[in-house]
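Protein chains in written order, with this note's numbering: chain A, 1 to 476; chain B, 477 to 903.
A short write-up of the structure that comes next.
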Amino acid sequence: MTEIVINDRTIDAQPGQTVLEAALANGIFVPTFCWHPKLSVAGNCRMCLVEVEGRGLDIACNMPVTKGMRVLTDSPEVKAHRKAMLQFITLNHPVDCGICDKAGECRLQDYHYAYNGEPSLSVEPKVRSTKYYNLSSRILLDNERCILCLRCTRFTHEVSKSMALGIEHRGDTSVIRPVADRPLGEDPYSDNIIDLCPVGALQSRQFLHKTRVWYLKPTPSVCPGCARGCTIQVWHRKAEWRVKALDPAQNNAIARVTPLENPAVNGPWICNKGRDLARLLERQRATEPMLRGAPTSLEGALERARELIGAARHPVALVSSWGSNEELEAFRRHLGAVFTSFVKCDAVAEPGERIEDQLLIRADKNPNTAAAEALFGRAEAQLPEGTDLVLVWGEGFDFARLPRGARVLFLNAYLQPENGHADVFLPITIHTERAGHFTNFQGVVSAFQPCFEPPRGAAHAEALFAALAAPARVHA
Amino acid sequence: MAGRQLLMTFPVTESSHRLAEYRARGGYAAIEKALRSMRPEDVTKQVTDAGLQGRGGASFPTGRKWQVVVPGDGQPHYLIANADEGEPGTFKDRWILENAPHLLIEGMLLTAYALDARHCFIYIRGEFDLPYRRIAGAVDEAYAAGLLGERILGSDFSCDLIVYRGAGAYVAGEASGLISSLEGKKGYPRNRPPRLTVKGLYQRPTVVNNVESLSNVTVIVRDGIDAFRAVGTAKSPGTRLFSVSGHISRPGVYEVELGYPWRKFLDEDCGGVLDGRALKAVVPGGISSKILTGADIEHLTLSHESLWEANSTLGSGGMIVVAEGTCMVRLLEIMLRFYHHESCGQCTPCRHGTGWMHRIVARIAAGEGRPEDIERLYYVAKYNDGTTICGLGDAAGYAATGILDKFRDEFEYCIEHKRSRYQGRLE
């Protein structure tokens, strides 16, 4: 332990820590733009200048703690310099917060109000630069807003290793630019630089001018894209900002997905697939129970399903690897004794998708294979001749594999042709409509919360399993 | 001749830069002596005791820089000669590179021996053409004569020397920016700590010395401490090369014994101010050192201590003479245009501050000054001082406040009357 004093408070710092790390670990806030705990120290924004007694001002992010040092983070000198740094940063930064997507979660905005609050001292024209520069099909760059903290270039060099970004030119005409033969579009982690950007320079094309962030609420969730199970925040419209006149679909749509920092699983990052959760989940939903394609009531469908289960001599169940821990447990409890159960691989990699890498992406594209296999084993699905009932839970099963004469009980969330071929079809909810847990490939259990109301007609699988075992009322 | 000389001791001819003539003048005797009879630490001690101060601009004691590097600590060490002479007004290293390249190479060998550096680099300014050809030719000559490469002069000491050309960035003359550039990266200076003598080139202990400093190492080892200290003053031993330009009758590179009277140097050695005009101001050592008026230098001598007393420095030895009748607003505008153009853009205060100051002064010079502009220039200079990664931001501020402190009335005149007191003339 290295004892240091920050603002008259004695602090036990770890040897090898910087003053900034020691301060933050002890609840003393020091503003930063370029510093990020998972990136190397760049020390270029100069926002974390602190005063060391006897040594003057220096940046806290690159200052190793030394025994007995006395640091001031709020002295008049430090405050004056912070103010000046903000004057410099805003010298050429456009004041276009009114049309900037970052407004409301922008560090520059926050710090300006916290530490400066004064209009610019400059009367000179601002340096003009490129607006809406295409970095990739996913990301736009506004060079006028860029404060050159180099978080994005460091991310591509140190974390995603695509080396896709660099700096061209110098001085106040420096610009972030893609490196010619290393396209950012091929970096499956590229969108993290949008979160990393402390200002509104890097913009998501999906999210561009769609909504203001203060209309949105982040709900903690888990990405179902692969067995990593990254914790995420699903951003959707706040209840009090539900729109009536505009497209009401917006009320139940995912506005964007951002990482929820989790040192045990994904750190502060997620991959682009996780950002595209809307494409994965917002497909047309099935909302009507059916008997061989004919719509029926939920009670009627459950009645018929119980008949089929009662009559079956060799029933087989294909259990979803997208089911939550709770749903899998409910299936085992209510139906595990009736069915011979196998774990089904619901999703496989799409063409062009990265299969697996060292950072986050796993080859298994299902979120809960670990929990499902713990309950139902790892055996390959067997559908021998004589199987007379197959319960299919979730997507990914090829109906051509069904044994001749077998009846089918199908639980699915999406509108698909197979729904009509099932003897009994039951529409179910998806994971953004319910609470639950996924267990990732390392055995780490992460919770997800409901973001939206389920569509009318879709029932929670957990309730359906109980009702399939014994008559019970199911809300849908 | 401005006092005794240590480097410019021979007549420059068509072939005086060649190895044969250098040897005839007693060249490579110092390295032979060192390899035969001195331990590496003896060389370091000799340079430390001789009191050699860096000739690049900061005047940091050369021996103290070397002492941080521990020979034989199991990791590679590097020595780099900083020949990226880019400070405006400075062209004195160019004289060594063109006319005495072997003096530098011998100094580098001695330094490499002292530092246990197997690989040395000369980072030469990209715009230097003849200096590059001369130093590259000299390196070839030295390799052919067995003075570079494996087992030099039959000893156990091996050393390779690589000449690397810069690509035209002032900031790459800053030691850590130079290292970034040498590594093939953008020439961004680095944050300290770690110091370059701890983690420099390729994250290894590295010493970056100026060309003139390294050339002086040859003189110190060859002639001994006493001979070196006999020249100059007690606090500033030796000589300095000055490149004199501006309004001066005989511009050029001069070797001046430290402690030599300044006024005498300008009037007698350099032939006085151009056309016999009065001396208005002198930039002592490159535009990053604070300007002094003609009256200021009247009783100053050319030594570090004398300049420090006058709140300036000898800097890089780039002396710019400014005659009476010169518009200081225009002069400052040109200086700030340079800093604005050369700021690498890495850290916030310099990236924006240099451009801000340049635009303010350009506006004043164009007759659109505002009363608050002078105060604003002081503000920008103040918050550039000590807040940047390297010294470029500070230097821009010093250039501005240096001129504003001494010639504030000219700026006020320009703001009030919307025109320069001197019709904006520099000549």
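Heads up, the beta-carbon is just placed ideally off N, CA and C, and yes, glycines get one too.
Once you ignore the five residues that flank L291/A on each side, which residues in its own chain have a CB closer than 8 Å to its CB?
G300, A301, R304, D423, V424, F425
Following the continuous alpha helix (DSSP H) through L573/B, name the residue where it begins and the one where it ends.
568 to 575
A557/B vs N685/B beta-carbon contact at 8 Å:
yes
If I measure Cβ to Cβ from A645/B and keep anything under 6 Å in the same chain, skipping five residues before and after, which residues do I get?
G663
How many Å lie between D881/B and L49/A at the Cα?
28 Å
Taking R570/B as the reference, give the member of P537/B, T830/B, G539/B, R610/B with the closest Cα.
R610/B
Cutoff 8 Å: N575/B Cβ touching any chain A Cβ:
No, its Cβ sits nowhere closer than 8 Å to a Cβ of chain A.
Consult DSSP for N692/B and reduce its assignment to one of helix, strand or coil.
In the structure shown, N692/B sits in a helix (DSSP, three-state: H, G or I).
M795/B in three-state terms, based on DSSP
Note: M795/B maps to strand in three-state DSSP.
Tell me the residue span of the beta strand (DSSP E) that contains P540/A.
Residue 540/A is absent from the model: chain A starts at 1 and stops at 476.
Test: K662/B CB closer than 8 Å to a CB of chain A:
yes
Can you check which of these residues, N366/A, T173/A, L165/A, S162/A, is closest to R128/A by C-alpha distance?
It is T173/A.
Quick one: does the C-beta of E53/A sit closer than 7 Å to a heavy atom of the ligand HEM?
This structure lacks the ligand HEM, and indeed carries no ligand of any kind.
So with CB distances below 7 Å, who are the chain B contacts of N92/A?
H828
Report the residue from G794/B, G793/B, H775/B whose alpha carbon sits nearest the alpha carbon of E785/B.
H775/B
Quick test of the definition: if touching needs 3 or more C-beta pairs under 8 Å, does the segment 714 to 724 of chain B touch the segment 610 to 628 of chain B?
no
Cutting at 6 Å between CB atoms, please list the residues of its own chain near T340/A, excluding the five before and the five after it.
V316
Anything in the segment 828 to 847 of chain B with a Cβ closer than 8 Å to a Cβ of chain A? List those residues in chain order, please.
Those would be H828, G829, T830, G831, W832, R835, I836, R839, R846, in chain order.
To test your reading of the DSSP string, which unbroken beta strand (DSSP E) runs of 3 or more residues are found completely within the segment 728 to 763 of chain B?
728 to 733, 755 to 759
Mind pulling the chain B residues with CB within less than 8 Å of N44/A?
Q822, C823, T824, I865
Would you mind working out which of D636/B, S819/B, R813/B, C823/B sits nearest R835/B, comparing C-alpha positions?
Restricting attention to D636/B, S819/B, R813/B, C823/B, the CA atom closest to the CA of R835/B is found in R813/B.
When you check each C-beta in the segment 51 to 80 of chain A against every C-beta of chain B, which residues fall closer than 9 Å?
G56, L57, D58, I59, C61, N62, M63, P64, A80
Does DSSP put G56/A in a helix, in a strand, or in coil?
strand
Please report the residue range of the beta strand (DSSP E) in which L140/A lies.
139 to 141
Given that A84/A touches chain B, what residues does it touch there, using C-beta distances under 7 Å?
Y859
For a test of the three-state rule: what should DSSP assign to L165/A, helix, strand or coil?
Under the three-state reduction of DSSP output, L165/A falls in the strand class.
Where P564/B meets chain A, residues with beta-carbon distance less than 7 Å
Result: empty, since nearest Cβ-Cβ is about 16 Å, beyond 7 Å.
Could you name the residues that DSSP lists as bridge partners for H553/B?
A593/B
Quick one: Cα of G676/B to Cα of A754/B, how far?
47 Å
Contact with chain A by P669/B, beta-carbon distance below 8 Å:
Yes - at least one Cβ of chain A is within 8 Å of the one on P669/B.
Please classify A239/A as buried or exposed, where buried requires at least 16 neighbouring CB atoms within 10 angstroms.
A239/A comes out exposed.
Could you tell me whether the segment 498 to 516 of chain B touches the segment 755 to 763 of chain B, where touching means 3 or more Cβ pairs closer than 8 Å?
no
Answer yes or no: do Y859/B and H112/A have a C-beta to C-beta separation smaller than 8 Å?
no
Would S819/B pass as an interface residue toward chain A - the criterion being a Cβ-Cβ separation below 8 Å?
yes
Cβ separation of D195/A and N272/A, assumed to be a contact under 8 Å, to the nearest whole Å:
Going by Cβ atoms, the distance from D195/A to N272/A rounds to 12 Å, so no, they are not a contact pair.
Shorter than 8 Å from the beta carbon of F88/A to some beta carbon of chain B?
With 8 Å as the cut-off, F88/A counts as an interface residue toward chain B.
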